[in-house]
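Residue numbers (the working numbering): 444 to 877. Positions of the beta carbon are idealized from the N, C-alpha and C atoms, including for glycine. One structure is given below, encoded as structure tokens.
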Ligand SMILES: NC(=O)c1ccc[n+]([C@@H]2O[C@H](COP(=O)([O-])OP(=O)(O)OC[C@H]3O[C@@H](n4cnc5c(N)ncnc54)[C@H](OP(=O)(O)O)[C@@H]3O)[C@@H](O)[C@H]2O)c1
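In structure tokens, the structure reads:
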């Protein structure tokens with residue numbers, strides 16, 4: 444693929460076919476690079492040929508008056524296709540990944556993200572979600588030098604404003620005030636024929652992965668890398684046990700592989716024997732929480748709580764040969780944080796990226812203090828975490844565990860299954876176009 448000249452560039456795809464001239468067009472949002480020809484709208488499921496940005500695209504859309512169960516909150520609509528601003532890239536989506544954040548988007552809870560964005564000045568009164576994407580660069584803003592039209596790319600879910608003073612002063616973008624979860628806190632995610640991302644979100648697609656795998660690894664994988672390798676001194680090390688909630692889920696299945704790659708001992712929690720098979724095949728020891736029930740909140744009955752919690756902790760100790768986990772990968776939140784803290788080694792860390800069962804957690808402060816347990820929040824990842832993830836993939840030490848591949852039409856239904864914890868294990872990809 445090559446670019447030439449300033450006003451009339453030539454776009455040649457890899458089979459040598461030379462396409463029509465590209466012009467730099469002025470748009471309301473800045474200079475835009477795209478193809479010149481006729482193209483008004485697309486067939487659903489069809490990857491667009493290089494050409495002008497179609498006026499309309501099919502998208503799975505959430506609207507405020509449909510907030511509620513994902514099965515009905517998501518509806519396919521024909522909407523205006525967005526145009527990239529000077530620092531943005533428009534990607535023709537081939538595959539999109541399932542993530543929990545668009546369960547929250549569908550519910551409009553705990554945040555009404557459409558109203559939140561409109562209060563911040565967004566014009567659109569709808570949400571197109573999807574925080575993992577794999578596709579082809581279709582158009583890009585004039586400032587974008589890091590990718591070319593026709594490139595096979597994946598999109599990272601961390602979006603930020605490059606003019607953010609915190610970042611300008613050398614701050615980590617992943618902790619910047621302007622950080623937003625793309626396809627959740629921002630619009631124009633991957634559940635549409637085109638998605639819109641900042642140039643710094645776009646990475647070359649790992650060639651070791653299929654298109655389906657490429658669309659599901661980045662959000663959960665980089666989150667798990669950060670949880671396990673970033674928060675020094677509590678990082679995975681040779682022979683050290685790590686307790687992983689939801690071991691067969693998106694974050695959990697990635698965490699197991701990362702712990703293994705760094706020589707740790709993953710102990711994964713699941714709720715069924717089918718899922719036991721999955722986590723054991725990834726190399727984890729397993730606790731089926733239906734056999735070792737997670738006790739309720741400590742305040743309900745402190746003595747009884749400790750007895751039940753002790754049974755769970757004894758099982759952890761049995762599986763690890765007597766070691767308590769130095770890291771606990773926490774995301775169920777409210778229901779499990781007291782037990783995570785109770786099972787964590789002295790000086791260890793409970794690292795929390797979510798609260799799927801609720802965010803108002805309670806913990807045993809006495810135990811936390813006495814054993815110096817660290818409670819660490821962790822949100823997505825930084826550039827270094829993404830590089831580490833890509834190195835693990837290219838060294839074939841990590842690959843997404845794809846539980847299912849579904850159609851574009853199924854996006855609402857599968858989010859509904861996810862809400863009820865009935866969705867397929869591992870990561871799920873959606874076919875947007877071929
Ligand atoms: N902050 C971030 O940057 C970030 C990034 C990625 C994900 N997240 C969040 O992390 C959470 C997990 O994401 P995911 O993609 O791994 O979801 P997932 O694939 O649905 O996996 C979640 C797992 O949680 C377990 N679980 C559900 N209810 C539970 C309960 N009551 N007690 C114990 N375990 C329970 C389930 O395992 P079993 O039923 O088999 O035990 C399930 O496999 C979501 O809330 C997501 O939004 C946050």
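Where does the unbroken beta strand (DSSP E) through residue 646 begin, and where does it stop? The sequence position of residue 646 within the chain shown is 203, counting from 1. Element bounds for residue 646: 645–647.
My guess is that residue 590 and residue 596 are in contact by the Cβ rule of under 8 Å, so how many angstroms apart are they, rounded? Position 147 of the chain shown, counted from the start, is the residue given in the question as residue 590. Position 153 of the chain shown, counted from the start, is the residue given in the question as residue 596. That belief holds up - the Cβ atoms of residue 590 and residue 596 are roughly 6 Å apart, short of 8 Å.
Opposing strand residues paired with residue 669 [DSSP bridges]: Taking the chain shown and counting its residues from 1, one reaches residue 669 at position 226. In DSSP, residue 669 forms no bridge with anything.
Residue 702 to residue 664 span [Cα, whole Å]: Counted from its first residue, the chain shown places residue 702 at position 259. Counted from its first residue, the chain shown places residue 664 at position 221. Those two C-alpha atoms are separated by around 12 Å.
Would you tell me roughly how many angstroms separate the C-alpha atoms of residue 557 and residue 666, rounded to the nearest one? Stepping through the chain shown from its first residue, residue 557 is reached at position 114. Stepping through the chain shown from its first residue, residue 666 is reached at position 223. Cα atoms of residue 557 and residue 666: separation of roughly 25 Å, rounded to the nearest angstrom.
Report the option in 634, 764 and 771 whose CA atom is closest to the CA atom of residue 695. What you label residue 695 is simply residue 252 of the chain shown in a count that begins at 1. Looking only at 634, 764 and 771, the smallest Cα-Cα distance to residue 695 is reached by 771.
Within 10 angstroms of the Cβ of residue 391, are there 16 or more other Cβ atoms? Answer buried if so, exposed if not. Residue coverage of the chain in this structure runs from 444 to 877, which leaves residue 391 outside it and unanswerable.
Whole angstroms is fine: what's the gap from residue 580's alpha carbon to residue 662's? By one-based count along the chain shown, residue 580 stands at place 137. By one-based count along the chain shown, residue 662 stands at place 219. Taking C-alpha positions only, residue 580 is separated from residue 662 by approximately 20 Å.
Per-residue DSSP class, three states only, for residue 659: Here residue 659 is taken as the residue at index 216 of the chain shown, counted from 1. Residue state, collapsed to three classes: coil.
Which class does residue 795 belong to by DSSP, given the choice of helix, strand or coil? The sequence position of residue 795 within the chain shown is 352, counting from 1. For residue 795, the secondary structure class from DSSP, reduced to helix, strand or coil, is strand.
Answer yes if the segment 517–528 comes into contact with the segment 666–686, meaning at least three C-beta pairs across the two stretches below 8 Å, and no otherwise. Counting C-beta pairs closer than 8 Å gives fewer than three between the segment 666–686 and the segment 517–528, which falls short of the contact rule.
At a cut-off of 7 Å, would you count residue 849 as near ligand 1, judging by its Cβ distance to the nearest heavy atom? Translated into the one-based positions of the chain shown, residue 849 becomes position 406. False, no ligand heavy atom lies under 7 Å from that Cβ.
Residue range of the beta strand (DSSP E) that residue 650 falls in? Residue 650 sits at position 207 when you count from the first residue of the chain shown. Secondary structure note for residue 650: it is in no beta strand (DSSP E), with a DSSP letter that is neither H nor E.
At a cut-off of 7 Å, would you count residue 752 as near ligand 1, judging by its Cβ distance to the nearest heavy atom? Here residue 752 refers to the residue found at position 309 of the chain shown. Distance from the C-beta of residue 752 to the nearest heavy atom of ligand 1 is not below 7 Å.
Should the segment 727–738 be regarded as contacting the segment 704–714, the criterion being three or more beta carbon pairs within less than 8 Å? Judged by Cβ distances under 8 Å, the segment 727–738 makes contact with the segment 704–714, as three or more pairs qualify.
Could you check what DSSP says for residue 712 in three-state terms: helix, strand or coil? Residue 712 sits at position 269 when you count from the first residue of the chain shown. Residue state, collapsed to three classes: strand.
Residue 531, DSSP secondary structure in three states: Counted from its first residue, the chain shown places residue 531 at position 88. Looking at residue 531 - three-state DSSP - the assignment turns out to be strand.
Pairing CB atoms from the segment 609–616 with CB atoms from the segment 644–660, are three or more of them under 8 Å? Verdict: no, contact absent.
Go ahead and pull the three-state DSSP assignment for residue 489. For this step, residue 489 is matched to residue 46 along the chain shown. Residue state, collapsed to three classes: coil.
Start and end of the alpha helix (DSSP H) containing residue 786? Reading the chain shown from its first residue, position 343 is the one you call residue 786. Its alpha helix (DSSP H) spans residues 780–786.
Assuming contact is defined by CB atoms lying nearer than 8 Å, are residue 684 and residue 763 in contact in what I supplied? Locating residue 684 in the chain shown gives position 241, where the first residue counts as 1. Locating residue 763 in the chain shown gives position 320, where the first residue counts as 1. With contacts defined as CB atoms closer than 8 Å, residue 684 and residue 763 qualify as a contacting pair.
Is the segment 638–648 touching the segment 526–537 in the sense that three or more CB pairs, one from each, lie closer than 8 Å? A contact exists between the segment 526–537 and the segment 638–648.
Where residue 768 falls: helix, strand or coil (DSSP): For the purposes of this step, residue 768 is taken as the residue at position 325 of the chain shown. Taken through DSSP and simplified to helix, strand or coil, residue 768 comes out as coil.
Quick one, which of 723, 805 and 592 has its alpha-carbon nearest residue 496's? Working through the chain shown from its first residue, we reach residue 496 at position 53. Comparing Cα-Cα distances from residue 496 to each of 723, 805 and 592, the minimum goes to 592.
Indicate whether residue 485 and residue 493 have their beta-carbon atoms separated by less than 8 Å. Here residue 485 is taken as the residue at index 42 of the chain shown, counted from 1. Here residue 493 is taken as the residue at index 50 of the chain shown, counted from 1. No. Outside cutoff.
Within the same chain, show all residues whose beta-carbon is closer than 8 Å to that of residue 877, passing over the 5 residues directly before and after it, in chain order. Taking the chain shown and counting its residues from 1, one reaches residue 877 at position 434. Within the same chain, residue 877 has close Cβ partners 488, 489, 490 and 537.
Which value, in whole angstroms, describes the spacing of the CA atoms of residue 901 and residue 648? Residue 901 falls outside the range modelled here, since the chain spans only 444 to 877, and no answer is possible.
Label residue 583 either buried or exposed according to how many other C-beta atoms from any shown protein chain fall within 10 Å of its C-beta, with 16 as the threshold for buried. Locating residue 583 in the chain shown gives position 140, counting from the first residue. Its Cβ being crowded by 16 or more others within 10 Å, residue 583 is buried.
Could you tell me whether the Cβ atoms of residue 746 and residue 736 are closer together than 8 Å? Start at 1 with the first residue of the chain shown, and residue 746 comes out as number 303. Start at 1 with the first residue of the chain shown, and residue 736 comes out as number 293. No Cβ-Cβ contact shorter than 8 Å links residue 746 with residue 736.
Looking only at its own chain, which residues have a Cβ that is under 6 Å from the Cβ of residue 790, when we skip the five neighbours before and after it? Against the chain shown, residue 790 aligns to sequence position 347. Once the five neighbours on either side are set aside, the close Cβ partners of residue 790 are 815.
Measure the Cβ-Cβ separation of residue 635 and residue 571 and say whether it is below 8 Å. One-based indexing of the chain shown puts residue 635 at position 192. One-based indexing of the chain shown puts residue 571 at position 128. In this structure, the beta-carbon distance from residue 635 to residue 571 falls below 8 Å.
Thinking C-beta only, is residue 756 closer than 8 Å to residue 792? On the chain shown, position 349 is the one that residue 792 refers to. On the chain shown, position 313 is the one that residue 756 refers to. Going by beta carbons, residue 792 and residue 756 fall outside the 8 Å limit.
Is residue 603 near ligand 1, judged by its Cβ being under 7 Å from some heavy atom? Translated into positions along the chain shown, residue 603 becomes position 160. Every heavy atom of ligand 1 is 7 Å or more from the Cβ of residue 603, so no.
Check: residue 797 C-beta below 7 Å from any heavy atom of ligand 1: On the chain shown, position 354 is the one that residue 797 refers to. When distances are taken from the beta-carbon of residue 797 to the heavy atoms of ligand 1, the shortest one is below 7 Å.
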